[in-house]
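Some notes on the structure that comes next.
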Amino acid sequence: MTAVAPLRIAVLSFAHTHALSYVAALKEMPGVELIAADPDGASAPDDAPRGAALAAELGVDYVDTYEEAFAWRPDAVVVAAENSRHRVLVERAAAAGAHVLCEKPLATTVEDAEAMRAACDRAGVVLMVAYPVRFAPSFRDAFAQLRSGRLGRVLGVTGANNGKLPQDRAWFTDPELAGGGALVDHVVHCADLLDELLGERARTVRAVSNGTLYADRELAVETGGVVTLQYPSGVVASIDCSWSWPLSSPTWGGLTLQIVAERGTVTVSPFAQGVAGHDAHGETWDPVGADLDALLLAEFVSAVREGRTPQPDAGVGVRTVEIVKAAQASAARGGEVVALH
7 MTAVAPLRIA VLSFAHTHAL SYVAALKEMP GVELIAADPD GASAPDDAPR GAALAAELGV
67 DYVDTYEEAF AWRPDAVVVA AENSRHRVLV ERAAAAGAHV LCEKPLATTV EDAEAMRAAC
127 DRAGVVLMVA YPVRFAPSFR DAFAQLRSGR LGRVLGVTGA NNGKLPQDRA WFTDPELAGG
187 GALVDHVVHC ADLLDELLGE RARTVRAVSN GTLYADRELA VETGGVVTLQ YPSGVVASID
247 CSWSWPLSSP TWGGLTLQIV AERGTVTVSP FAQGVAGHDA HGETWDPVGA DLDALLLAEF
307 VSAVREGRTP QPDAGVGVRT VEIVKAAQAS AARGGEVVAL H
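Going by the working numbering, the residue at position 241 of the sequence shown is 247; the numbering climbs one at a time, nothing skipped.
Printed below as a string of structure tokens:
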């Protein structure tokens, strides 16, 4: 039996907190060699652990620069940098012939997202976007029910992706690095799920937003908003995308979609189950259920090994950026309806 060469994967940046669970998932996979680089960690605008110190805590080999990471000749990379820094790293990976899993949103502008997709297409490498809720059993079940026709025609969808203000990673509230606030952080997950569930692409977007939450902090981005999407079939979907959970909450927040159809309703709420309790520091919450980040990484690694395109792909990434930018434009114009192309 011929031995299979190890898959070399470089995690580029610890800026996004999901990078920690990505490293944990990759370390558990057989046949994967792993390194990390986080050169921007030293200049991060917060005190959260980054760089070599965090790599040591996670038990992953570390290099100081992205140049060293690419000199290692990875087969694939996981880009978990600040949103506006995605394009440079994805294009470098494509030029190096490395497949890419990129944290959401794919980019802060549609132009950057399209350029990233084009670069990976030219290089013949995979570009997957990190939407782990796609792999939630409750989402897969809802998808199967709707596709079976058992529930009849979908009439409407109410979505919510709420959470705590991500103050432990201050770049989330930096308009240059993040590209916006709660609209950017939380709309994209629901937008991805909606397009997949409904099997069609949104036609118009309307949004309102404000900075009422945490107004005393004088943040430069929106902290709350509601987005309404209309689809060609007539379905209307709403997304509450606020940083509305109290900072004292024992968990980050949650995502819920309630789909109302002719013959019933179905709910997707993958983070609702857990064990609540108390310790010396207050309330605790231990989630129960599938590790969605691990399922996401398993799909990416399998696709790279099998030479196929994983989902959600670059097209999904571009599309969800288009929805976010339309929502931002609508909110800036006082809730004007914006058409998608």
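In this text, a Cβ means the ideal position worked out from N, Cα and C, and glycines have one as well.
For clarity, every value in this text was computed on a predicted model and none was experimentally measured.
Integer-rounded CB distance, given that residue j should sit under 8 Å from residue i
i    : j    : result
H24  : D297 : With 8 Å as the limit, H24 and D297 do not qualify as a contact, their Cβ atoms being about 12 Å apart.
I41  : A21  : About 17 Å; that fails the 8 Å criterion.
E289 : A278 : With a Cβ gap of about 16 Å, E289 and A278 do not count as contacting.
L18  : V84  : 7 Å
N167 : H195 : 6 Å
V193 : A333 : 6 Å
T326 : D198 : 5 Å
Residues of its chain near residue i, where Cβ-Cβ distance is below 6 Å and the 5 sequence neighbours each way are ignored
i    : result
M7   : Confidence is the limiting factor: at M7 the pLDDT is only 47, short of 50, which leaves the residue's position unreliable, though a coordinate-based value still follows. Cβ neighbours of M7 beyond the five flanking positions: none.
D118 : R93
T234 : R212, S244
T164 : S244, Q264
P12  : G37, E39
T257 : W291
D174 : A54
F306 : L107, M134, P316
Neighbourhood of residue i by C-beta, 7 Å cutoff - its chain only, sequence neighbours within 5 removed
i    : result
A58  : Y68
G217 : L225, E228, T229
V294 : Q279, G280, V281
L302 : A136, P138, F141
E120 : V324
P80  : R14, I15, A16, A104
V214 : G231, V232, A337, G341
S255 : K170
P45  : D70, T71, Y72
Beta-carbon gap between residue i and residue j smaller than 8 Å
i    : j    : result
R56  : A50  : yes
C247 : L204 : no
R146 : L346 : no
M35  : P316 : no
S336 : R207 : no
S275 : G260 : yes
W249 : L219 : yes
V99  : V106 : As written in the sequence, residue 99 is Ala, which differs from the Val given in the question. Their beta carbons are under 8 Å apart, which means A99 touches V106 by this criterion.
R123 : A309 : no
A86  : A43  : no
P111 : V322 : no
Residues near residue i by beta carbon distance below 8 Å, same chain, minus five either side
i    : result
L183 : E88, N89, S90, R91, W177
S144 : T273, V274, S275, P276
Closer than 7 Å: residue i CB and nearest the ligand GDP heavy atom
i   : result
Y72 : Ligands in the displayed structure: none, and consequently the ligand GDP is not present.
Would the stretch 155-168 and the stretch 263-277 be scored as touching if the rule is three or more Cβ pairs under 8 Å?
The stretch 155-168, when compared against the stretch 263-277, does touch it at the 8 Å Cβ threshold.
Complete runs of the alpha helix (DSSP H) confined to the stretch 70-125 [at least 4 residues]
Runs of the alpha helix (DSSP H) inside the stretch 70-125: 72-77, 92-101.
Taking contact to mean at least 3 C-beta pairs separated by less than 8 Å, is the stretch 121-128 in contact with the stretch 142-155?
No: fewer than three Cβ pairs fall under 8 Å.
Minimum length 4: unbroken alpha helix (DSSP H) runs contained in the stretch 244-323:
Counting only runs of 4 or more, we get 298-312.
Scan the stretch 169-232 and note each continuous beta strand (DSSP E) run of 3 residues or more that stays entirely inside, going in chain order.
Here the runs fully enclosed are 210-216.
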